[in-house]
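Chemist:
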Amino acid sequence: MLCEPYLLDPTPDGVHVVWHTEAPGSHHAVLVGPAVAGMTEERARAAATGTPGEGEGWRRFTAGTTELSRTREDQESSVPGRVYPIVTRRPVHRHLATVTGLAAGRTPYRVVSGGTVTQAYTLAPAPPPDRPVRLLLTSDHQLKPMVPANLAKVAETAGVTFDGVLMAGDMVNAPDRASEWFDTTAEPPFFRTFERILAHSPIYPAIGNHEVMGRWSDTATLDAQFNDPQPGDWNITTYQEMFPYPRSESGGQRWWSRTIGDVHVICLFATQVWRTPHPEGRGKFQEALEDVDCPERWGHGQFIFEPIKRGSRQFAFLEGELASPAARAARYRVVMFHHPSHGLGSHSVPPYTDPVRVVGTKSIRYEYPLADDYILRDVEPLLSAAGVHLVLNGHSHVWNRFRNAAGVNWLETSNVGNSYGAYDVTSGMTRWYPPGYVLQGDPGGLQPIVPTVAPYVRSDGVPLPFVASNEITVFSLLDSAAGVVRSYRHDTRQPASPAVLFDEFSLT
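Per UniProt numbering, the very first residue in the sequence shown carries number 1; after that it's consecutive.
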């Protein structure tokens, strides 16, 4: 097995169990019930392959197998015992079993796959709509160095059984590189670091820019392909194959909604391609001078992958979903998407809008009018009018939060594996963008909120309204029973130290 099982999209009486192997193998099944934890491996294999398919205290659910269509490795991969001198197809087979007939509460399960027997984990159906829940809020793991310590402190502080993990995008770096998900030795692979939690707790992911691959090539490195999306020529195929659920009728896995206990979650596909801000070469603000007459080499600026502005299909989905009976009946409404239009990080600028191309005699530039930021202009007023309690973002690898005049809380809690800095008057840092863009503070005009419990304090005594550190890692927990979101930090230079509660705020 390339990874331990992970859980997707619980229903009132079931849940999907997913895992991956390199070879297709045979006899892939999930054993569920109170008896499975005590089974020997020999007994578990017999239960997975023999007849009948159930016994005292256990039931068997057979998995379907699908080969992922785009997983590859290349010369930049670090796979134990293997070298890939060129881009090479790497087979990965997904096994998916749908467990049904679950009673409320947690039930033990084990996976048997090609003779391998996992340890016992637990799964549960979706909590009923009136039940309080605990949700882990995270994003932007990307194989960064502090992620293992972060998730270890999550488990130490809050356990490994959550009603859901809200992942606001950017799980790996180049999603078609299989080893980034499973077994790279260069950096912490996504599933290996997350397995203790995801084997017990269903993940609800949003699409970030690192779930998107660019133009296909048989020769360019996978990083080069990742960095080469074009309008109309990009894909999220590997993401969709790894995370077939949740999905909606209108958007598939791109946008969806689910009610998790007393929390209604709406997930959107709001992300742009990342382009370098440097003023030379192809980037956010210009095409390379040598490419002006070669449109096939243009980057087209920092373009938006999926429209979200008023009039788009995604906006219509959001509008309808916020007005739905499920959303209106929920105690709390949460909207999750990757891009942080409110934020102190580097990626909150330029504005979230379609690049405006300016053609000169020997140049092509791109501008991004702040007044046309689609999230601030179109989406935020809709969220405010609907009484959304929390917007969860990612992307900038920073912790900061805001509250707008309508009472909507905006949280980015993505200082998980590393940080790219916070650009605030209290940090003294300035974004490296051209004049005319917001170089410090929130481009949406909100004031960042100083953590309520234990903020970091500057040497002159000024408390900081952010965490932006390559030594301090952060995670957040939504506790709907208490109606609060709590954020914790851990100093990775002191591995034995506990996580420290540094911020707590009410959702209402």
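All C-beta atoms in this analysis are idealised placements derived from N, C-alpha and C, irrespective of residue type, glycine included.
(1) Alpha carbon to alpha carbon, what distance is there between Leu143 and Tyr84?
(2) Please classify residue 509 as buried or exposed, where buried requires at least 16 other C-beta atoms within 10 Å of its C-beta.
(3) In chain order, what residues of the same chain have a beta carbon less than 8 Å from the beta carbon of Arg458, not counting five sequence neighbours either side?
(4) Quick one: Cα of Ala481 to Cα of Leu383, how far?
(5) Rounded to whole angstroms, what's the CA-CA distance from Thr107 to Thr65? Just pull it up for me.
(6) Does the contact criterion of 3 or more C-beta pairs under 8 Å hold for the segment 39-58 versus the segment 132-146?
(7) Could you work out which residue in Pro24, Thr40, Val111 and Thr88 is closest to Phe61 when comparing CA atoms only?
(8) In chain order, which continuous runs of the alpha helix (DSSP H) of length 4 or greater are located wholly inside the segment 300-387?
(9) Would a C-beta distance cut-off of 8 Å place Val474 and Trp399 closer than the cut-off?
(10) Rounding to the nearest angstrom, what Cα-Cα distance links Ile266 and Gly81 in this structure?
(11) Taking Pro495 as the reference, which of Pro125, Ala63, Leu135 and Val147 has the closest Cα?
(12) Does the segment 295-304 touch the segment 354-368, meaning 3 or more C-beta pairs lie closer than 8 Å?
(13) Taking the alpha helix (DSSP H) that Thr271 belongs to, which residues open and close that run?
(14) From this set, Ala46, Ala23, His339 and Thr122, which residue's C-alpha is nearest Leu198's C-alpha?
(15) Report the rounded CA-to-CA distance for Ser69 versus Arg94, giving the unit in angstroms.
(16) For a test of the three-state rule: what should DSSP assign to Ser179, helix, strand or coil?
(17) Please determine, among Ile308, Gln286, Tyr374 and Leu318, the residue with the shortest C-alpha to C-alpha distance to Lys362.
(18) Residues bridged to Pro205 by DSSP?
(19) Closest to Glu296 by C-alpha separation, out of Leu370, His339, Arg215 and Thr237, would be which residue?
(20) With DSSP collapsed to three states, give me the class of Gly57.
(21) Determine, using beta carbons only, whether Ala155 and Arg89 come nearer to each other than 8 Å.
(22) Excluding the five sequence neighbours on either side, which residues of its own chain have a C-beta within less than 8 Å of the C-beta of Glu319, listed in chain order?
(23) How should Gly497 be labelled, buried or exposed, when 16 other C-beta atoms within 10 angstroms of its C-beta is the threshold for buried?
(24) Span of the alpha helix (DSSP H) holding Glu412?
(25) With C-beta atoms as the reference, is Gly14 less than 8 Å away from Ser113?
(26) In the structure shown, what three-state DSSP assignment does Thr430 receive?
(27) Enumerate in chain order the residues of its own chain whose CB-to-CB distance from Asp262 is below 7 Å, with the five nearest sequence positions on each side excluded.
(28) Since I believe Ile236 is in contact with Val212 (beta carbons under 8 Å), could you give me their beta-carbon distance rounded to a whole number of angstroms?
(29) Need the endpoints of the beta strand (DSSP E) that Ala46 sits in, please.
(30) Going by C-alpha to C-alpha distance, which of Pro10, Val358 and Val335 sits closest to Arg102?
(31) Please go through the same chain and pick out, in chain order, the residues whose beta-carbon is closer than 7 Å to the beta-carbon of Glu56, but skip the five residues on each side of it.
(32) Can you pull the DSSP bridge partners for Asp491?
(33) Do you know offhand how far Arg254's Cα is from Leu390's?
Modeler: Taking the geometry as given:
(1) Taken atom to atom, the span from the alpha-carbon of Tyr84 to that of Leu143 is near 20 Å.
(2) Nothing can be reported for residue 509, as the shown portion of the chain is limited to 1 through 508.
(3) Closer than 8 Å at Cβ, skipping near neighbours: Thr426 and Leu464.
(4) When rounded, the distance between both Cα atoms is 23 Å.
(5) Linking Thr107 to Thr65 through their CA atoms gives a straight-line distance of about 24 Å.
(6) No, they do not touch.
(7) Of the candidates Pro24, Thr40, Val111 and Thr88, the residue whose Cα lies closest to the Cα of Phe61 is Val111.
(8) Entirely contained in the segment 300-387, the alpha helix (DSSP H) runs reaching 4 residues are, in chain order, 313-322, 325-329 and 380-385.
(9) Going by C-beta atoms, Val474 is nearer than 8 Å to Trp399.
(10) If you draw a straight line from the Cα of Ile266 to the Cα of Gly81, it is about 43 Å long.
(11) For the residues Pro125, Ala63, Leu135 and Val147, the minimum Cα distance to Pro495 belongs to Val147.
(12) The answer is yes - the segment 295-304 touches the segment 354-368, with three or more Cβ pairs under 8 Å.
(13) Where Thr271 is concerned, there is no enclosing alpha helix (DSSP H), because DSSP gives it neither an H nor an E.
(14) Among Ala46, Ala23, His339 and Thr122, the Cα nearest to that of Leu198 is on Thr122.
(15) Here the alpha carbons of Arg94 and Ser69 stand approximately 11 Å from one another.
(16) Of the three classes helix, strand and coil, the one that applies to Ser179 here is helix, per DSSP.
(17) Out of Ile308, Gln286, Tyr374 and Leu318, Gln286 has the C-alpha closest to the C-alpha of Lys362.
(18) For Pro205, which the question treats as bridged, DSSP gives the partners Met167.
(19) From the listed residues Leu370, His339, Arg215 and Thr237, the smallest Cα separation to Glu296 is found for Arg215.
(20) Gly57: coil per DSSP, three-state reduction.
(21) No, the Cβ-Cβ distance between Ala155 and Arg89 is not below 8 Å.
(22) Answer for Glu319: Leu382, listed in chain order.
(23) According to the sequence displayed, residue 497 carries Ser and not Gly. Flag for Ser497 reads exposed.
(24) Run containing Glu412: none in the alpha helix (DSSP H); it sits in the beta strand (DSSP E), Asn409 to Thr413.
(25) The beta carbons of Gly14 and Ser113 sit no closer together than 8 Å.
(26) Note: Thr430 maps to coil in three-state DSSP.
(27) Taking C-beta separations shorter than 7 Å and ignoring five residues to either side along the sequence, the partners of Asp262 in its chain run Pro129, Asp130, Arg131, Pro132, Val133, Ala330, Arg331, Tyr332 and Ser480, following chain order.
(28) Yes, Val212 and Ile236 are in contact; Cβ-Cβ is about 6 Å, under 8 Å.
(29) Note, Ala46: premise wrong, no beta strand (DSSP E); alpha helix (DSSP H) at Glu41 to Thr49.
(30) The residue asked about is misnamed: residue 102 is Leu in this sequence, not Arg. The residue with the shortest Cα to Cα distance from Leu102 is Pro10.
(31) Once the five neighbours on either side are set aside, the close Cβ partners of Glu56 are Ala35.
(32) In the DSSP output, where bridge partners are listed per residue, Asp491 has Ile472.
(33) The alpha-carbon of Arg254 is positioned some 20 Å away from that of Leu390.
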